[in-house]
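Engineer: Using the UniProt record's numbering, read the sequence shown as starting at 1 and increasing by one per residue.
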Amino acid sequence: IKKMLFSVVGLNDNRIDPFSSFETINNRGKDLSTLELLKNRLHFVAHKICDEEDLENLQQEINDTYTRIYYDLRSFEDDHLEGFLKHFVAYYYGENSKFKERLLNTAFDAHKKYDDLYDEYEKINDLLLYLSYSSKVWYFLHTLDDEELRIEITPKMRGLLDKMRHLNALSDNAFLPLLLSLFTIQLVGKGANKQPYTAKELEDLLEYLERFGFLIYGVAGKNTAKNEWIELAFMAFKAYRYGEENTAIKDLPTLEKNFFKGEHSGLELLENNINFNNAKKWYEWNKVLNYLLYEYELYHNPETTLNFDGRIESIEHILPQKPDQGYSA
Numbered sequence: 001i002k003k004m005l006f007s008v009v010g011l012n013d014n015r016i017d018p019f020s021s022f023e024t025i026n027n028r029g030k031d032l033s034t035l036e037l038l039k040n041r042l043h044f045v046a047h048k049i050c051d052e053e054d055l056e057n058l059q060q061e062i063n064d065t066y067t068r069i070y071y072d073l074r075s076f077e078d079d080h081l082e083g084f085l086k087h088f089v090a091y092y093y094g095e096n097s098k099f100k101e102r103l104l105n106t107a108f109d110a111h112k113k114y115d116d117l118y119d120e121y122e123k124i125n126d127l128l129l130y131l132s133y134s135s136k137v138w139y140f141l142h143t144l145d146d147e148e149l150r151i152e153i154t155p156k157m158r159g160l161l162d163k164m165r166h167l168n169a170l171s172d173n174a175f176l177p178l179l180l181s182l183f184t185i186q187l188v189g190k191g192a193n194k195q196p197y198t199a200k201e202l203e204d205l206l207e208y209l210e211r212f213g214f215l216i217y218g219v220a221g222k223n224t225a226k227n228e229w230i231e232l233a234f235m236a237f238k239a240y241r242y243g244e245e246n247t248a249i250k251d252l253p254t255l256e257k258n259f260f261k262g263e264h265s266g267l268e269l270l271e272n273n274i275n276f277n278n279a280k281k282w283y284e285w286n287k288v289l290n291y292l293l294y295e296y297e298l299y300h301n302p303e304t305t306l307n308f309d310g311r312i313e314s315i316e317h318i319l320p321q322k323p324d325q326g327y328s329a
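This is the structure in C-alpha cells:
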C-alpha cells in the first residue's frame with residue numbers, strides 16, 4: 001500500500017454547491033443529461049461574460065436554481081427530465097424540435113463571441129427564473145400536488161387536469177407546453193402581484209382544452225394541432241413577459257372552429273374512425289371512442305330492464321368470436 005499513489009482533491013470554494021455538483025460527479029461513466037449539460041454550459045458562459053463580482057453572483061444563482069430544480073424533479077426518471085426541458089423550450093422559445101441544439105448551440109453557444117455582456121447576463125438570469133418556476137409546475141401537472149405551487153387551484157381545475165393527464169397519454173403530451181406556459185406565468189405573476197388569469201379564466205380554458213383533446217385525440221383518433229398548441233404557449237408567455245395583451249386564450253375557440261370544417265368536420269372524423277379506417281371495427285376502436293358510444297347509449301337509454309345478479313350468473317364473453325360476426329359501424 002505504501003507504494004500506491006492517491007490523488008486527493010478538495011473543493012475550497014463556497015460558490016460551488018455540493019448538491020448540484022454531486023449530480024454531475026455521480027454520473028461519471030454515462031452521458032450527462034441535457035439538464036446537466038445546460039448547467040455546465042451556463043457556468044462556462046458565465047466565466048466569459050462576467051467580472052469577478054458578477055461571476056460569483058451568477059454562479060451562485062445557477063447553483064441555487066439547480067438545487068431547486070433537482071428537488072422538484074427528484075422523483076422523475078431521466079427521460080422525464082428530457083421531456084421537461086423539451087416542453088420548456090417549446091413555450092420559452094416557441095420551438096417544437098431540437099431542444100438540445102436550441103439551448104446548447106444557439107442560445108448559449110460555447111464558441112460565440114459575446115459582445116453585449118449585460119444582455120447575456122440578463123438572458124441567463126431570466127432563463128434560470130423561468131426554469132425554477134417551471135420545475136414546480138411540471139411536478140404539479142404530473143402529480144396534482146399543489147403544496148409547493150401556492151396558487152389557487154380549484155376543485156374544478158383539479159378535476160379537468162386529471163382528465164387531461166389521461167388525454168395526454170393519447171396524444172404524446174400535446175397540451176403540456178401550453179399548460180406549462182400558463183401555470184408558470186401564473187406562478188411568476190403571483191410573486192409580482194400581477195397574475196394574468198383569474199381562477200374562472202383558467203377553469204374555462206381547461207374545460208376547452210379537455211373537450212378539444214377528447215374530441216380530437218380521443219374520439220377522432222387524430223394526432224395533430226401540436227404546433228398550434230406550442231404557438232399559443234409561446235404567445236401567452238411572450239405576452240406576459242413583455243407586458244402585451246394576452247391573446248392566446250381568445251385564439252382557442254378559433255382553433256377549434258378552424259379544425260372542425262369541411263372534410264375535417266367532427267362528424268366526418270367520427271364516421272371515419274368508426275367505419276372506414278378500421279377493418280376490424282370494434283377491435284380497433286380506441287377506448288375514448290368506446291366510452292363516447294357508451295355515454296351515447298346511456299343518454300338515450302337511461303333506464304335498463306336488465307336484472308343481473310352477479311352472485312349466481314356470469315357472462316363468458318360479450319364480444320363476437322370473430323370481428324365480422326355481427327358487429328359493424
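Just so you know, even glycine gets a beta-carbon here, dropped at the ideal spot from N, CA and C.
If the criterion is Cβ atoms closer than 8 Å, does the pair Lys250 and Ala174 meet it?
Structural biologist: Contact: no.
Engineer: Do you know whose CA, among Glu61, Tyr91, Glu52 and Asp115, lies nearest Trp138's CA?
Structural biologist: Per the Cα distances, Tyr91.
Engineer: How far does the alpha helix (DSSP H) with Thr154 in it reach, from first residue to last?
Structural biologist: Per DSSP, Thr154 belongs to no alpha helix (DSSP H) and is neither H nor E.
Engineer: Can you round the beta-carbon distance between Glu228 and Leu167 to whole angstroms, since I take them to be within the 8 Å contact cut?
Structural biologist: Contact doesn't hold; Cβ gap of about 16 Å is too wide.
Engineer: Leu38 to Asp145, Cα distance in whole Å?
Structural biologist: So the alpha carbons of these two residues sit roughly 27 Å apart.
Engineer: Report the residue from Leu180, Phe76, Glu61 and Tyr208 whose alpha carbon sits nearest the alpha carbon of Asp126.
Structural biologist: Residue Glu61 is the option with its Cα nearest to Asp126.
Engineer: Please classify Asp72 as buried or exposed, where buried requires at least 16 other C-beta atoms within 10 Å of its C-beta.
Structural biologist: Asp72 should be labelled buried.
Engineer: Can you give me the Cβ contacts of Thr154 inside the same chain, cut-off strictly under 7 Å, excluding the 5 residues immediately before and after it?
Structural biologist: Cβ within range, chain order: Ala199 and Glu203.
Engineer: Please list, in chain order, all residues of the same chain as Ser132 whose beta carbon is under 7 Å from its beta carbon, the five residues on each side excluded.
Structural biologist: Hits under 7 Å: Thr65, Arg68 and Ile69.
Engineer: Going along the chain, which residues of its own chain have a beta-carbon closer than 7 Å to the beta-carbon of Ser181, five neighbours each way excluded?
Structural biologist: Tyr91, Ala233, Ala236 and Phe237.
Engineer: In this structure, does DSSP put Thr241 in helix, strand or coil?
Structural biologist: Inspection of the sequence shows that residue 241 is occupied by Arg rather than by Thr. Here Arg241 sits in helix by DSSP.
Engineer: Buried or exposed: which applies to Phe212, given that a residue is buried once 16 or more other Cβ atoms fall within 10 Å of its Cβ?
Structural biologist: Under this definition Phe212 is a buried residue.
Engineer: Quick one: Cα of Glu23 to Cα of Asp31, how far?
Structural biologist: The pLDDT assigned to Glu23 is 48, lower than 50, so where the model puts this residue is not dependable; a value taken from the coordinates is nonetheless given after this. Rounded to whole angstroms, Glu23 to Asp31 spans 12 Å at the Cα level.
Engineer: Using a Cβ-Cβ cutoff of less than 6 Å, which residues in the same chain neighbour Phe108 once the five nearest sequence positions on both sides are dropped?
Structural biologist: Excluding sequence neighbours, Phe108 sits near Arg41 and Val45.
Engineer: When we look at the beta-carbon of Ser134 and count the other beta-carbons within 10 Å, is it buried (16 or more) or exposed?
Structural biologist: It is buried - the Cβ of Ser134 has at least 16 other Cβ atoms within 10 Å.
Engineer: I need the boundaries of the alpha helix (DSSP H) containing Pro196, first residue and last residue.
Structural biologist: Note, Pro196: premise wrong, no alpha helix (DSSP H); not H, not E.
Engineer: If you draw a straight line from the alpha carbon of Thr254 to that of Glu201, how long is it in whole angstroms?
Structural biologist: C-alpha separation (whole angstroms): 17 Å.
Engineer: Within 8 Å of any Cβ in chain D, is that where the Cβ of Thr67 sits?
Structural biologist: Note that chain D does not occur in the displayed structure, where there is just one protein chain.
Engineer: Express the C-alpha separation of Tyr197 and Met157 in angstroms, rounding to a whole number.
Structural biologist: Computed Cα separation, rounded: 13 Å.
Engineer: Determine the contact status of Lys136 and Leu149, defining contact as a CB-CB distance below 8 Å.
Structural biologist: Cβ distance < 8 Å, so Lys136 and Leu149 count as in contact.
Engineer: List the endpoints of the continuous alpha helix (DSSP H) containing Ser97.
Structural biologist: Careful: Ser97 lies outside any alpha helix (DSSP H) and carries neither H nor E.
Engineer: Over the uninterrupted alpha helix (DSSP H) stretch that includes Arg74, give me the two end residues.
Structural biologist: Careful: Arg74 lies outside any alpha helix (DSSP H) and carries neither H nor E.
Engineer: In this structure, how does DSSP classify Arg150 when only helix, strand and coil are distinguished?
Structural biologist: Coil at Arg150, not helix or strand.
Engineer: Could you tell me whether any non-hydrogen atom of the ligand MN is closer than 7 Å to the CB of Asp162?
Structural biologist: The ligand MN is not part of this structure, which contains no ligands at all.
Engineer: Of the choices Leu252, Asp78, Tyr296 and Gly243, whose alpha-carbon is the least far from that of residue 401?
Structural biologist: Nothing can be reported for residue 401: it is not among the residues displayed for the chain, which extend from 1 to 329.
Engineer: Excluding five sequence neighbours on each side, which residues of the same chain lie with their C-beta closer than 6 Å to the C-beta of Phe140?
Structural biologist: These residues qualify, in order along the chain: Asp146 and Leu149.
Engineer: So Ile216 packs on Thr224, CB below 8 Å; how close in whole Å?
Structural biologist: Their Cβ separation, rounded to whole angstroms, is 7 Å, which keeps Ile216 and Thr224 in contact under 8 Å.
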